[in-house]
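In my numbering, the protein residues as written are 25 to 119. Written out below as structure tokens is the structure these notes cover.
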């Protein structure tokens with residue numbers, strides 16, 4: 025298993041319950057596909073470096089996890105089809 029980290033930015037218009045539901049949804053996708061979550065760090069609401077579709081801030085979450093090479097593809101697919109996610113990135117750690 026390889027080490028990865030993902031940061032995803034959720035829309036600022038979501039309430040706390042919806043934010044937590046989205047975080048749990050993405051954690052569930054990782055666990056359901058054989059991944060192991062190492063750490064979840066919610067950074068909270070922050071200003072974006074530049075506006076994205078006229079949105080100036082977002083709710084940032086960092087997730088460190090271990091998985092095989094197919095899981096990041098599935099996770100990225102779910103990020104892309106989710107209306108709640110403004111931006112995401114998945115990075116493989118070189119150990």
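Virtual Cβ for every residue (Gly too), placed ideally from N, Cα, C. Note that the structure is a prediction, hence the values are computed from the model and not measured.
With DSSP collapsed to three states, give me the class of residue 38.
coil
By the 10 Å Cβ neighbour count, where 16 or more other Cβ atoms means buried, how is residue 82 classified, buried or exposed?
Around the beta-carbon of residue 82, 16 or more other beta-carbon atoms lie within 10 Å, marking it buried.
Please state if the CB of residue 61 and the CB of residue 71 are separated by a distance shorter than 7 Å.
no
Along the chain, where does the beta strand (DSSP E) that runs through residue 60 open and close?
60-76
Give the straight-line distance between the Cα atoms of residue 76 and residue 59, rounded to the nearest whole angstrom.
30 Å
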